[in-house]
Every structure is written in structure tokens, then in C-alpha cells.
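Take any residue in the sequence shown, note its place counting from 1, add 307, and you have its number in our numbering. Report on one structure; see the data block that follows.
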Amino acid sequence: MIKYPMTVQGAKALEEEHTFLSKVERPRLSQAIGEARELGDLKENAEYHAAREEQGMVEARIRDIEGRLQNSVVIDVTTIAHTGKVIFGTTVDLENTETGDQVTYQIVGEDEADIKKGKLSANAPIARAIIGKEEGDAVVIKTPSGTVEYEIVEVKHI
């Protein structure tokens, strides 16, 4: 059975999405289907077919979330001793050794990953390269445009 690692915030976000889909979207779509049925012939009723299709997608997402939450391993990094090592859930400041540019990433589960928000999937190449390393370590990461060397400036348990 596949286990899904996620942060406390990631688990909370999935639970909120599940609640929204179950308590808001599901009843709304049920009502829309009922109203569309009242319009008559279902064969050529575009509103009915659109609502049924959307209902199918919502139900599939609800089942997916339930499965992920049921098989999740929620990791609260704030309860783990700070050793300076990069582990799942930590926030890491990296500095490009060539340009001096700094970036900050939090190592999270797949469902939480959002590069624009600085949340990097633990399966991403950068994350795989830095997990297990410590503050002050240099890591070389292969990118499509070549290799880039980063120094791990700081590891935070936020």
C-alpha cells in the first residue's frame, strides 16, 4: 500500500477541500441535476449532461482525497529535533554558489507542491539532492540547462 507523506498544513488543506466538496459542491450539483431533469428530455439536455459530468469529477476527487488521507503519514517537523539536516517538512535556504542568488523551499508531499509558493515535492530532483544534507553542505543539481551548485545556507523547522 502506498503511503503519502504530508505536512500538517497539507493534511489540513486536503481535509478542508474534502469538506468543501462534500458539503457544498455535492449538494449544489445534486440540485443542478434535479433542476435539469425537470427541463424534459435527458438525451438532448446539455445542462443535465454537464452537471452529471461535473458530479463525476467531484465524486472522483472526493474518493481520491479520502484514499490519500487514509494512507497518509502526517509529519510534524516542529516535533522533530533540529539537527541542521534537511528532512521532509523542513524549510531550506539555498544559495547558488555561482550567482549568489538565494531561494527558499519547503520540502513537502506531492499534493502540497507549489513551486510558486516555495513548496517543493520531496520527489523533485532538487529535493532529492538536498535531503539528508546539512547546513553548509554544497550540492550539485543537474538541471535541463546544465548543472548548478548550491550551498545549503540554513535549515529551518517551521
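Built from N, CA and C at the ideal position, the CB exists for glycine as well. None of the values given here were measured: they were computed from a predicted structure.
Top-ranked residue by Cα proximity to Glu-419, from Arg-375, Ala-343 and Glu-354: Arg-375
Chain-order list of residues whose beta-carbon lies under 8 Å from that of Asp-408 (same chain, five-residue window excluded): Glu-402
Those residues which DSSP pairs with Gln-413 across a bridge: Thr-398 and Lys-426
Sequence-distant residues of the same chain with beta carbon closer than 7 Å to Ala-434, five excluded per side: Ile-414, Leu-427 and Ser-428
Top-ranked residue by Cα proximity to Pro-432, from Gly-443, Glu-417, Lys-424 and Glu-442: Glu-417
Sub-9 Å separation of Ile-459 and Val-399 beta-carbons: yes
Separation of Arg-333 from Glu-366, as counted between CA atoms: 8 Å
The beta strand (DSSP E) enclosing Thr-406, as first and last residue numbers: That residue, Thr-406, is in no beta strand (DSSP E); it is neither H nor E in DSSP.
CB-CB length for Thr-314 against Ile-394, believed under 8 Å: Incorrect: roughly 11 Å between the Cβ atoms, too far for contact.
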